[in-house]
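What follows is a short report on a single structure.
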Amino acid sequence: MKLNDDRRLRLLEHVIVHVMPPDCHDEETMIFKTTRRTLAAKGQALHDVEKIVLPLLDGSRTIGEIRTAIGKKLTDSSLNQCLEFLMDNRLVEDVLEDTVDLDSHAYLLPQISLYHELGFEQKDAQKYLTNARIAVFGLAGSGLVTAMNLASAGIGFLRLCDDTCTVVSDSLMMSGSVFNQNGAFRGVEAARQIEAITSLSSANAGATRTEVVTDPLTNDETVNPLLDDVDLVVVATDAVSVNLAYRLNRLCLKMQRPLLPGGTAGVEGTIGPLVFSQDGPCYLCYRMRAMACAKLPEAELAIEQFLNRERRSQPRLRENLPIGQMLVGSYLALEAIKILLGLPIATDGKLLHLDLIGTKLTHNVVLKKPGCPHCSGQERTQ
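Just so it is clear: in the sequence shown, position 139 is 227 by the numbering used here, and no numbers are missing.
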């Protein structure tokens with residue numbers, strides 16, 4: 089392979105390099121280690137490669153300039169062999185004019201390095217997330233944790249939708265320096281929290297743009313426009329009304345917007361199922377099957393219908409442990425990132441059930457419910 093001397097290469101910062109002493113055949117072993125890979129190269133005088141070549145792979149020099157800097161310390165063929173090994177094994181990256189400036193996004197570097205190990209070009213993974221638009225409904229409990237994790241991952245735009253005001257218990261999930269006062273809109277407080285995260289340094293400022301929606305979310309005319317221009321909708325079912333969760337399920341199916349529900353209830357948490365296609369199960373399918381399996385299905389259905397008619401969140405019903413909300417919110421954010429990057433997801437047709445007492449996470453297949461009012465073609469307005 090003929091190398092282009094105009095290319096600029098940078099050794100990935102997350103790679104650990106170590107040269108082992110020569111063996112009985114006077115061969116050295118150079119080890120390249122990441123959290124997912126361990127590579128070994130055998131040869132002679134590899135310690136010279138470590139000391140002479142690798143420090144020059146910082147992206148500031150072209151391959152031609154590296155040749156000039158090395159001079160006669162290493163032959164051209166040896167240098168070519170070294171660079172080809174590094175490129176073939178994705179241990180270096182090309183530094184182009186349009187490459188994202190990783191130095192100014194140092195807070196994202198560990199995440200971007202992992203995306204590289206998952207097979208992405210670092211600049212591509214960050215662009216996917218920077219260009220992503222997500223709407224989060226319900227900014228208490230697991231919803232707040234989801235939004236904060238998405239901001240920490242570098243998501244470019246978050247629409248924070250919540251028409252409810254904060255209560256005293258919300259302060260447990262918000263840092264004291266950011267939590268303003270009881271009675272403020274949850275979305276406003278969440279936006280302050282996100283701003284505090286993304287403005288820890290001037291380089292990070294504005295990494296995630298937010299839009300706060302505090303209008304009453306009780307009709308299709310208000311909710312529909314909030315779904316038009318987003319790539320994904322996340323609803324924290326422990327922070328919104330039953331009516332809004334069902335409304336989002338119906339509207340997202342109609343508009344073909346992926347919907348990821350999840351929340352906590354007592355010592356349990358649920359994540360999923362991902363709602364996208366009418367060929368698969370929806371959130372209402374899951375809820376109907378869950379109520380049918382309850383000890384008192386008629387009572388469960390009656391309560392669900394009562395809460396659906398109230399059209400408001402029920403903070404008095406949110407008995408939980410904050411750690412459960414943190415876990416569920418983190419899983420929701422993780423699934424969202426995997427969806428955006430095209431990685432395998434766990435909630436496609438499945439519900440993740442978190443048992444806090446048993447410390448267990450189980451994957452349960454959700455079957456489509458025949459005759460479901462939302463996904464069987466027999467749509468009804470909630």
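No residue lacks a Cβ here, since even glycine has one placed at the ideal position from N, Cα and C.
What's the call for residue i, buried or exposed, on a 16-neighbour Cβ count within 10 Å?
i	result
residue 394	exposed
residue 223	buried
residue 115	exposed
residue 251	buried
residue 326	buried
residue 217	buried
residue 90	exposed
residue 433	buried
residue 357	buried
residue 132	exposed
residue 151	buried
residue 313	exposed
residue 445	exposed
residue 463	buried
residue 256	exposed
residue 469	Only weak support exists for where residue 469 lies, its pLDDT of 47 falling under 50; the value from the coordinates is given anyway. Answer is exposed; the Cβ neighbour count stays below 16.
residue 286	buried
For residue i and residue j, I'd like the C-alpha separation in whole angstroms.
i	j	result
residue 360	residue 419	10 angstroms
residue 363	residue 197	32 angstroms
residue 369	residue 436	9 angstroms
residue 429	residue 309	31 angstroms
residue 377	residue 384	13 angstroms
residue 254	residue 407	16 angstroms
residue 149	residue 168	15 angstroms
residue 101	residue 337	43 angstroms
residue 160	residue 279	58 angstroms
residue 316	residue 343	8 angstroms
residue 324	residue 410	14 angstroms
residue 355	residue 345	30 angstroms
residue 99	residue 139	13 angstroms
residue 282	residue 219	17 angstroms
residue 201	residue 155	27 angstroms
residue 199	residue 112	41 angstroms
residue 93	residue 239	39 angstroms
residue 442	residue 415	9 angstroms
residue 289	residue 233	For residue 289, the pLDDT reaches just 48, beneath the cut-off of 50, and the residue's location in the model is therefore unreliable, leaving the point undetermined.
residue 237	residue 157	44 angstroms
residue 243	residue 386	42 angstroms
residue 52	residue 209	No answer is possible for residue 52: it lies beyond the span of the chain, which begins at 89 and ends at 470.
residue 374	residue 271	34 angstroms
residue 460	residue 392	16 angstroms
residue 293	residue 299	Below a pLDDT of 50, predicted positions are generally treated as unreliable, and residue 293, at 49, falls in that range; the measurement from the model is reported next regardless. Spanning the two alpha carbons is a distance of roughly 16 angstroms.
residue 141	residue 125	22 angstroms
residue 164	residue 322	54 angstroms
residue 424	residue 106	36 angstroms
residue 399	residue 215	38 angstroms
residue 266	residue 397	The predicted position of residue 266 is uncertain, since its pLDDT is 48 and thus under 50; no value can be drawn from it.
residue 449	residue 412	12 angstroms
Could you round the C-beta distance between residue i and residue j to whole angstroms and report it? I think they count as a contact, below 8 angstroms.
i	j	result
residue 221	residue 245	4 angstroms
residue 473	residue 147	Residue coverage of the chain in this structure runs from 89 to 470, which leaves residue 473 outside it and unanswerable.
residue 318	residue 247	6 angstroms
residue 120	residue 179	6 angstroms
residue 230	residue 352	6 angstroms
residue 465	residue 328	Incorrect: roughly 26 angstroms between the Cβ atoms, too far for contact.
Residue i lies in the alpha helix (DSSP H); which residues open and close that run?
i	result
residue 164	164-176
residue 233	230-240
residue 202	197-205
residue 217	210-218
At which residues does the beta strand (DSSP E) containing residue i begin and terminate?
i	result
residue 131	126-131
residue 279	Note, residue 279: premise wrong, no beta strand (DSSP E); alpha helix (DSSP H) at 274-286.
residue 147	146-150
residue 453	448-453
residue 425	Note, residue 425: premise wrong, no beta strand (DSSP E); alpha helix (DSSP H) at 410-429.
residue 122	Neither: residue 122 is in no beta strand (DSSP E) and is coded neither H nor E.
residue 439	438-443
residue 223	221-225
residue 182	180-182
residue 490	Beyond the ends of the chain as shown, which are 89 and 470, falls residue 490; an answer cannot be given.
residue 246	245-249
residue 99	96-99
residue 105	104-108
Any heavy atom of the ligand PLP inside 8 angstroms of the beta-carbon of residue i?
i	result
residue 296	Here there are no bound small molecules, and the ligand PLP is not part of this structure.
Contact criterion: CB-CB distance below 9 angstroms. Does residue i meet it with respect to chain D?
i	result
residue 378	Protein chain content of the structure displayed is limited to a single chain, and chain D is not contained in it.
(request) Starting from the N-terminal side, write out each stretch of the beta strand (DSSP E) that is 3 residues or longer and does not extend beyond the region 307-342. (result) 320-324
(request) Write down every uninterrupted run of the alpha helix (DSSP H) in the region 345-406 whose length is 4 residues or greater and which is fully enclosed by it, in chain order. (result) Annotation: the region 345-406 contains the following complete segments of the alpha helix (DSSP H) (minimum length 4 residues), in chain order: 371-380 and 385-398.
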